[in-house]
Amino acid sequence: MTEPTKFQFSHIDADSSGNPRISALCFGILADHTVTQVLFFKFSQDHVALESASTTLSMTRQQLDAVRDSIAARVRPFVVEFVQNLDI
Numbered sequence: 115m116t117e118p119t120k121f122q123f124s125h126i127d128a129d130s131s132g133n134p135r136i137s138a139l140c141f142g143i144l145a146d147h148t149v150t151q152v153l154f155f156k157f158s159q160d161h162v163a164l165e166s167a168s169t170t171l172s173m174t175r176q177q178l179d180a181v182r183d184s185i186a187a188r189v190r191p192f193v194v195e196f197v198q199n200l201d202i
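So this is what it looks like as structure tokens:
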């Protein structure tokens, strides 16, 4: 078996009261192919599995204001690295 391929999609918006929320869809795909040979006969077997999960995270605007600086400090290195790796 090989390691599964994992990927996700995220969407950020606000609810009707203006509170921020993040919706995420996560997927994992695992594919396996086995070939068995006995004398002149070859047998093959394929297996594919798809797993998925979804979630929505939300907070009030007051909660966001309280943690805004901490969140910004946490993601800043990733944003800088992403921008540095852009092929412009």
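Here the sequence shown stands for residues 115 to 202, numbered as in my numbering. All residues carry an ideal CB built from backbone N, CA and C; glycine is no exception.
Contact check, residue i vs residue j under 8 angstroms by CB: the rounded distance?
| i | j | result |
| --- | --- | --- |
| Ser172 | Cys140 | That belief does not hold up - the Cβ atoms of Ser172 and Cys140 are roughly 17 angstroms apart, past 8 angstroms. |
| Ala145 | Arg135 | The Cβ separation is near 33 angstroms, so there is no contact. |
| Ser158 | Val149 | 5 angstroms |
| Ile143 | Thr169 | Contact doesn't hold; Cβ gap of about 19 angstroms is too wide. |
Can you find the residues in the same chain that come closer than 6 angstroms, C-beta to C-beta, to residue i, ignoring five residues on each side of it along the sequence?
| i | result |
| --- | --- |
| Phe121 | Phe141 |
Let me know the secondary structure DSSP gives residue i once reduced to three states.
| i | result |
| --- | --- |
| Ser137 | strand |
| Asp129 | coil |
Within its chain, find whatever has a CB closer than 7 angstroms to the CB of residue i; leave out the 5 residues flanking it on each side and keep chain order.
| i | result |
| --- | --- |
| Asn133 | Ser172, Met173, Thr174 and Arg175 |
| Leu178 | Pro134 |
Q: List in chain order: all unbroken beta strand (DSSP E) runs of 3+ residues lying wholly within the segment 146 to 202.
A: 155 to 172
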